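If you read the sequence shown in the UniProt record's numbering, its first letter stands for residue 1, the second for the next number, and so on. Using N, Cα and C, we set each Cβ at its ideal position, and we do this for glycine too. Keep in mind that this is a model prediction, so the values were computed, not measured.
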Amino acid sequence: MCHPQCSSLKAATLNDPVCAANGACVYTASYGDASYSMGYLSQDLLTLTPTQTLPQFTYGCGEDNEGLFGRAAGIIGLARDKLSMLGQLSTKYGYAFSYCLPTATSISSGGGFLSIGNISPSPYKFTPMIRNPQNPSLYFLRLAAITVGGRPLGVAPAGYQEAFVKLMSKRYAQAPGYSILDTCFKGSLKSLSATPGIQMIFQGGADLSLGAPNILLEADKGVTCLAFASSNQIAIIGNHQQQTYSIAYDIPASRIGFAPRGCR
């Protein structure tokens, strides 16, 4: 007989689980960057603090992990499904969470955080969550406008890149693309100090105001690229754009909030 939670895996991973002959539940989890993890559904005691524990915590024990995981020991699931860590902790702490991702240069000194439970709305500007019936466990929002160098762009998404390149090319020489990053310039991130700011404005007025550290990525020595990649399907606001912002997911109220300078 398979693990009782095996039937819930389709909602959590968007892939069909497999019940092995020995009763083990085999999962496959795929990610937007083409990374994936395959392994067994398992249970153990989750310890948050010496006095805060969750017995029979369900998680995936990866046997084959391929892609851009780097040196990460694991992945925390925060989606809207009952098998995610958020879903399993929600009855105890509430169905909400917030976090701040530090920059790569500040990781060693700390500064980032993840908080699970009810959030204080005071520092945040909120935008409504948008439901996507095809991906009900994921979080969507509506981009209302975008500006480059303070100028609103009333054009198709391809025009955002063109406007950015036009402004940058007045000061910096272009370089060949680097992997999936197809818009690159010669010079270090520090040397490209005159990068025009990009502001992403969402429904309801919440926004992400991005400076050079959130816009550019030093891909190689002397080559710095626009940290945006094209997509024919769902556009994802990546961790590079989110860095130093505190971002809150208030699921009962169906809203996402942004607050600048949010890392502690």
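Run through DSSP, which three-state label would residue i get?
| i | result |
| --- | --- |
| C2 | coil |
| Q174 | strand |
| S169 | helix |
Just checking my contact of residue i with residue j at CB under 8 Å: how many whole Å lie between their CB atoms?
| i | j | result |
| --- | --- | --- |
| L9 | L54 | Not a contact, Cβ separation roughly 19 Å. |
| G60 | G39 | 5 Å |
| A227 | Y245 | Not really, about 15 Å apart at Cβ, beyond 8 Å. |
| L192 | L153 | Not a contact, Cβ separation roughly 21 Å. |
| A79 | S137 | 4 Å |
| D207 | I198 | So it is not a contact: roughly 10 Å between Cβ atoms. |
Terminal residues of the continuous beta strand (DSSP E) containing residue i?
| i | result |
| --- | --- |
| Q199 | 198-202 |
| A259 | 255-259 |
| A212 | Element bounds for A212: not the beta strand (DSSP E) but the alpha helix (DSSP H), 212-215. |
| residue 310 | Lying before the first or after the last residue shown, residue 310 is absent from the chain, which here runs from 1 to 264. |
Please name the residue or residues paired with residue i in a DSSP beta bridge.
| i | result |
| --- | --- |
| A235 | None, per the DSSP bridge assignment. |
| V223 | K186, D220 |
| R151 | V148 |
| L192 | None, per the DSSP bridge assignment. |
| S230 | The partner list for S230 (beta bridge, DSSP) is empty, contrary to what the question assumes. |
When every heavy atom of the ligand ADP is checked, does at least one fall within less than 7 Å of the C-beta of residue i?
| i | result |
| --- | --- |
| E162 | The ligand ADP is absent from the structure shown, which contains no ligands of any kind. |
Item to check | Segments of 3+ residues assigned as beta strand (DSSP E) that fall wholly inside the stretch 87-149 | outcome: 96-100, 113-116, 125-128, 143-148, all fully within the stretch 87-149.
Next on the checklist: Quick check for students: name the residue ranges of the alpha helix (DSSP H) that lie wholly in the stretch 6-93, counting only runs of 4 or more.
Outcome noted: The stretch 6-93 contains these whole alpha helix (DSSP H) runs: 9-13, 85-93.
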